[in-house]
DNA sequence: TATGGATGGAACGGTATCGTATCGACGATA
DNA sequence: TATCGTCGATACGATACCGTTCCATCCATA
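Below is the structure:
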């Protein structure tokens, strides 16, 4: 087998030294994503990745058993430490805050290129699909907080359509920035937030 | 130069015969998209495309001067003959009809794979970006019809936020089907339509 | 029936990437 | 100080495409 040469070397401790550098591993991941953004996932060359990281190709294969394994490991680091949103006092304010933070993320050109590629790849391969749903779940849980708060405040009915509401939050901004490629102003975000709130309320039969 | 060996051979008419077969050209396009869906745009191999079309690689280079030119020509055929939507009597009904037709399109696995890839590529290369905006414009014009009808009926204010409304129509369904990979039921589409209408009305300051 | 152009197929040299192997240099442990 | 694994670098054979070229075949016109 001989899998997982990566991290620990658990079991016996080797007498001599020289441990794999975590900085180099990170640099490899970084280079991987830069290559991804520039060329597209399907066209990533590990030779270019290594060169971009200022490393030898062997440094990659010393850590990972195959191209796929490296890609999977890199993609998994996309755990995206999204900070939990503060309470801004009203649903509209919370939504606007969410949109503002999402806009900040989608502003990075690298992310704008990688995300749609990831979705396309998710439709092709099972592992990527799993990762995609994991990322989605993480984002969803964060959005749940906003809904729960609004319900606690009495701004939303308890029987609000959660699936719909959770999708409404990112959908239009994603469409606009990733699909159409334009970045909205703060004022446009505010208008969007108001419309989203109206749609959420309607979905609970409050209209 | 010697560009555009494709269609016409205009000018003198050759004495002997044998014209480039339009069926073969179409088969090449079809194979191109199948390869695209399976492998991703960046990894399309013209050799596989030709083989899949039951053709020789020469058949491609006899029609197009380069890989890029072939890709551009193929992509341009995505002119998507979207039928103009009928009037269903109310904004909500028109929106639901729009969603239903969009769902039908996004149901095709090939389209679900190609679209996000196209958006990723649009962020990378200018020609793809142009094509993408063209496709978007076509869809937008169609959605305009729905808005105009609603305004004529008095369902929407004349000062409705058109940009927002036009984005709201496809955004959530695209998010759900392409990004999350799930297909909504008819009932879910109806709920979504109601929510979208509410958001549109709010954006005109009616709420 | 004769002709000319398109066709599928095969081969070409060139380039790029793969995954592996090997090298001397470096550095931390023992 | 001696050892030993990681480091960057390089070379390797294998594979896959690229874009071009040639060929025998087929077919529609003339």
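Chains as they are written, first to last, in this note's numbering: chain A, 24 to 230; chain B, 24 to 230.
Beta carbons are placed, not taken as given, at the ideal position from N, Cα and C, and that holds for glycine.
Task: CB contact check: residue 213 (chain B) to chain A, cutoff 7 Å - done: no
Open item on the list: Suppose you measure from the CA of residue 55 (chain B) to the CA of residue 210 (chain A); what does that come to, to the nearest Å?
Closed with: 42 Å
Open item on the list: I'd like to know if the region 137-144 of chain A and the region 59-66 of chain A are in contact, where contact means that at least 3 CB-CB pairs between them fall below 8 Å.
Closed with: yes
Task: Pairwise C-alpha distance: residue 205 (chain A) and residue 77 (chain B) - done: 41 Å
Open item on the list: Taking the straight line between their C-alpha atoms, what separation do you get for residue 197 (chain A) and residue 197 (chain B)?
Closed with: 10 Å
Task: Reference residue 214 (chain A); option with closest CA among B:81, B:185, B:74 - done: B:185
Open item on the list: Buried or exposed for residue 27 (chain B), going by 16 or more other Cβ atoms inside 10 Å?
Closed with: With a pLDDT of 34 at residue 27 (chain B), under the threshold of 50, the modelled position of this residue cannot be trusted, and the question is left open.
TODO: Give the secondary structure of residue 131 (chain B) by DSSP, where H, G and I count as helix, E and B as strand, and everything else as coil.
DONE: coil
Open item on the list: Between the alpha carbons of residue 101 (chain B) and residue 90 (chain B), how many angstroms are there, rounded?
Closed with: 18 Å
- [ ] Could you check what DSSP says for residue 111 (chain A) in three-state terms: helix, strand or coil?
- [x] coil
Task: Top-ranked residue by Cα proximity to residue 176 (chain B), from B:117, B:95, B:144 - done: B:117
Open item on the list: On a Cα-Cα basis, can you pick out the residue from A:161, A:154, A:112, A:166 that is closest to residue 178 (chain A)?
Closed with: A:112
Task: DSSP-derived helix/strand/coil call for residue 147 (chain A) - done: coil
TODO: Spatial neighbours of residue 108 (chain B) within its chain, please: CB distance less than 7 Å, with the 5 preceding and 5 following residues excluded, ordered by chain position.
DONE: 117, 120, 121, 165, 168, 169
- [ ] Taking only beta-carbon positions, decide if residue 203 (chain A) is within less than 7 Å of chain B.
- [x] yes
Open item on the list: What residue range does the alpha helix (DSSP H) around residue 237 (chain B) cover?
Closed with: Outside the modelled stretch of chain B, which goes from 24 to 230, sits residue 237 (chain B), for which no answer is possible.
Task: Below-7 Å beta-carbon distance, residue 216 (chain B) vs any chain A residue - done: no
Task: Straight-line gap, residue 74 (chain A) to residue 48 (chain A) (C-alpha atoms, nearest Å) - done: 13 Å
TODO: Return the Cβ separation of residue 188 (chain A) and residue 226 (chain B) in integer angstroms, given the expectation that the two are a contact with Cβ distance under 8 Å.
DONE: In fact, because the Cβ distance is near 18 Å, the residues do not count as touching under 8 Å.
Task: As assigned by DSSP and simplified to three states, the class of residue 168 (chain B) - done: helix
Open item on the list: Give me the chain A residues within the contact set of residue 64 (chain B), using Cβ-Cβ distance strictly less than 7 Å, ordered along the chain.
Closed with: 63
Open item on the list: Between residue 59 (chain A) and chain B, is the shortest Cβ-Cβ distance under 7 Å, so that the two count as touching?
Closed with: no
TODO: With residue 75 (chain B) as the anchor, note down where its alpha helix (DSSP H) starts and where it stops.
DONE: 69-75
TODO: Assign residue 190 (chain B) to one of two classes, buried (16 or more other C-beta atoms within 10 Å of its C-beta) or exposed (fewer than that).
DONE: buried
Open item on the list: I want to see whether chain B comes within less than 7 Å of residue 226 (chain A), judged by CB atoms only; does it?
Closed with: yes
- [ ] Quick one: using the 10 Å Cβ neighbour count with 16 as the cut-off for buried, is residue 181 (chain A) buried or exposed?
- [x] exposed
Open item on the list: Between which two residues does the alpha helix (DSSP H) holding residue 217 (chain B) run?
Closed with: 209-225
Open item on the list: Tell me the rounded alpha-carbon separation between residue 70 (chain A) and residue 208 (chain A).
Closed with: 40 Å
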